[in-house]
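Each residue of the sequence shown is one higher than the last, beginning at 65 in the numbering used here.
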Amino acid sequence: MKNILVAEDDRSLRDGLVQSMSRSGYKVQVAQSGKDALEKIEKQVFDLVIAGQRMGGSDALEILRKARSTNAGTLVIVTGENGSGAVEAMKSGAFDYLQKPLSLETIEMKVQRAMEHQRMVVRMASMTEPLADPSDRYGLIGNSPTMRDIFKVIDKVAASNATVLIQGETGTGKERVAEAIHRNSPRHDAAFVRMNCASLPDNLLESELFGHEKGAFTGADQMRIGRFEMANDGTLFLDEVGNMSANTQAKVLRAIQNQEFERLGGSRTIKVDVRIVAATHQDLAAGVAKGAFRDDLYFRLKTFPIVIPPLRSRPMDIRRGDCRSIAGRATCGSSRTRSSVRF
Numbered sequence: 065m066k067n068i069l070v071a072e073d074d075r076s077l078r079d080g081l082v083q084s085m086s087r088s089g090y091k092v093q094v095a096q097s098g099k100d101a102l103e104k105i106e107k108q109v110f111d112l113v114i115a116g117q118r119m120g121g122s123d124a125l126e127i128l129r130k131a132r133s134t135n136a137g138t139l140v141i142v143t144g145e146n147g148s149g150a151v152e153a154m155k156s157g158a159f160d161y162l163q164k165p166l167s168l169e170t171i172e173m174k175v176q177r178a179m180e181h182q183r184m185v186v187r188m189a190s191m192t193e194p195l196a197d198p199s200d201r202y203g204l205i206g207n208s209p210t211m212r213d214i215f216k217v218i219d220k221v222a223a224s225n226a227t228v229l230i231q232g233e234t235g236t237g238k239e240r241v242a243e244a245i246h247r248n249s250p251r252h253d254a255a256f257v258r259m260n261c262a263s264l265p266d267n268l269l270e271s272e273l274f275g276h277e278k279g280a281f282t283g284a285d286q287m288r289i290g291r292f293e294m295a296n297d298g299t300l301f302l303d304e305v306g307n308m309s310a311n312t313q314a315k316v317l318r319a320i321q322n323q324e325f326e327r328l329g330g331s332r333t334i335k336v337d338v339r340i341v342a343a344t345h346q347d348l349a350a351g352v353a354k355g356a357f358r359d360d361l362y363f364r365l366k367t368f369p370i371v372i373p374p375l376r377s378r379p380m381d382i383r384r385g386d387c388r389s390i391a392g393r394a395t396c397g398s399s400r401t402r403s404s405v406r407f
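As structure tokens, then:
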């Protein structure tokens with residue numbers, strides 16, 4: 065029986081969680097304060113800890129760090145009133161960060177996701193035969209120290225629900241990295257949905273992302289779901305996020321923070337459970353400084369930044385007779401093949 069510790073400062077949410085988790089067959093314990101939570105974590109092993117950001121006596125980050133240092137297999141979900149603590153919580157090893165107000169249904173879904181993740185970790189640990197080449201697992205080419213570090217980061221971020229920002233020149237394989245994160249995550253059985261934010265004008269991009277209702281605009285002859293809905297329970301890859309307008313940035317930020325949105329022309333709020341992986345070849349920090357990119361969206365996206373260096377800076381990754389790019393789009397081992405690799 066899975067052992068769950070609820071250290072939630074919101075009493076009504078805490079009581080609802082205890083009842084719901086108990087009905088689902090979990091062993092549930094309640095911490096009355098932050099100090100009580102730390103003492104319980106010290107004395108026994110928990111599969112999951114749900115920690116409120118403003119838990120009296122100790123904040124959620126202290127509880128999170130204690131739980132992770134005591135037992136690396138313990139997953140921690142942090143809840144908070146605003147998104148200000150999300151980045152630090154995810155970097156400290158939280159499985160997820162949920163912004164209040166929260167419905168019981170939402171947190172139940174996240175608990176289920178955490179339990180599925182633990183089962184996947186156990187299955188992976190039982191695979192005793194190591195893979196000869198990391199590229200077999202990640203679908204990425206490279207054996208340099210730089211690429212090995214990237215493989216480690218992929219493993220780390222794949223195990224969480226954190227948003228990821230992949231940065232690198234065109235042709236370095238940002239989409240392949242996003243695919244590898246999804247493939248090695250608890251969401252691997254769900255959809256991996258792509259959206260190039262530079263490929264459409266702003267009004268059409270918004271419709272592609274969030275969908276539209278019938279009659280929302282000229283030519284909208286029927287309802288259409290968007291990429292966020294398509295990616296429900298899976299991963300949405302937002303390529304070239306630096307090209308989004310200020311209006312679209314605001315709507316994407318809300319969808320990421322609250323996991324909800326409305327279709328164009330609609331008033332019904334749609335709830336989703338989507339993991340966001342974004343990519344860009346632009347310097348978004350410079351865009352923030354110029355006022356071209358929202359700072360709150362930037363910091364939300366770069367919870368886990370991954371920088372992919374160009375192949376020209378990793379000569380040992382250019383294998384003899386095979387100069388495929390990390391993106392796997394070109395092979396120059398044959399004189400008949402035209403390379404698209406950027407050196």
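C-beta atoms are modelled at their ideal positions from N, C-alpha and C, and glycine is treated no differently. All values derive from a computational prediction rather than experimental measurement.
query: Around the C-beta of Leu112, are 16 or more other C-beta atoms found within 10 angstroms, so that it is buried, or is it exposed?
result: buried
query: Quick check: the region 266-280 against the region 218-233, are there 3 or more CB pairs under 8 Å?
result: no
message: According to DSSP, is Met119 part of a helix, a strand, or is it coil?
response: DSSP places Met119 in the coil class of the three-state scheme, outside both helix and strand.
- prompt: Taking the DSSP output, what are the residues bridged to Leu229?
  reply: Ala342, Pro369
query: Touching or not, the region 75-88 and the region 100-111, by the rule of three or more beta carbon pairs under 8 Å?
result: no
task: Determine the DSSP secondary structure at Gly98, reduced to helix, strand or coil.
output: Helix.
query: Is there contact here, the region 248-257 with the region 302-310, by at least three beta-carbon pairs under 8 Å?
result: no
field: Distance CB(Ala150)-CB(Thr299) smaller than 8 Å
entry: no
task: Please confirm whether Gly144 and Gln117 have their CB atoms less than 8 Å apart.
output: yes
- prompt: Which value, in whole angstroms, describes the spacing of the CA atoms of Arg378 and Val241?
  reply: 16 Å
message: If contact is defined by three or more beta carbon pairs under 8 Å, each pair taking one atom from either stretch, is the region 348-360 in contact with the region 329-339?
response: no
task: On a CA-only basis, which of Pro369, Ala254, Ser208, Gly329 is nearest Asp347? Give me that one, please.
output: Pro369
- prompt: What residue range is occupied by the uninterrupted beta strand (DSSP E) comprising Leu302?
  reply: 299-303
query: What residue from Leu361, Met184, Leu168, Lys107 has the CA that sits closest to Ile114's CA?
result: Leu168
- prompt: If you run the structure through DSSP and keep just helix, strand and coil, what is Val151?
  reply: In the structure shown, Val151 sits in a helix (DSSP, three-state: H, G or I).
task: Report the residue from Ala310, Ser88, Val140, Tyr90 whose alpha carbon sits nearest the alpha carbon of Ile105.
output: Val140
message: Tell me which residues share the same chain as Lys315 and place their Cβ nearer than 8 Å to its Cβ, disregarding the 5 neighbours each side in the sequence.
response: The residues are Glu270, Leu273, Phe274, Phe325.
field: Selection from Thr282, Arg258, Ser263 that minimises the alpha carbon distance to Asn296
entry: Arg258
Whole-Å CB distance - Gln231 paired with Val371, under 8 Å assumed: 5 Å
- prompt: DSSP beta-bridge partners for Lys354?
  reply: In DSSP, Lys354 forms no bridge with anything.
Three-way DSSP call (helix, strand, coil) for Asp360 in this model: helix
query: What residue from Gln108, Ala95, Ala356 has the CA that sits closest to Met119's CA?
result: Ala95
message: Using the three-state DSSP reduction, which class does Thr333 fall into: helix, strand or coil?
response: strand
- prompt: Quick one: what does DSSP say Lys7 is sitting in, helix, strand or coil?
  reply: The structure shown has nothing for residue 7, since the chain only spans 65 to 407.
For Gly157 and Thr22, the rounded distance between their alpha carbons: In this structure the chain extends from 65 to 407, so residue 22 is not present and cannot be described.
- prompt: Relative to the alpha-carbon of Gly235, which residue among Lys216, Lys220, Leu204, Ile171 has its alpha-carbon at the smallest distance?
  reply: Leu204
message: So if DSSP puts Val257 in a beta bridge, which residue, or which two residues, is it bridged to?
response: Leu300
message: Once DSSP output is grouped into helix, strand and coil, what is the label at Val221?
response: helix
message: Can you check which of these residues, Thr333, Arg376, Glu172, Glu239, is closest to Tyr90 by C-alpha distance?
response: Glu172
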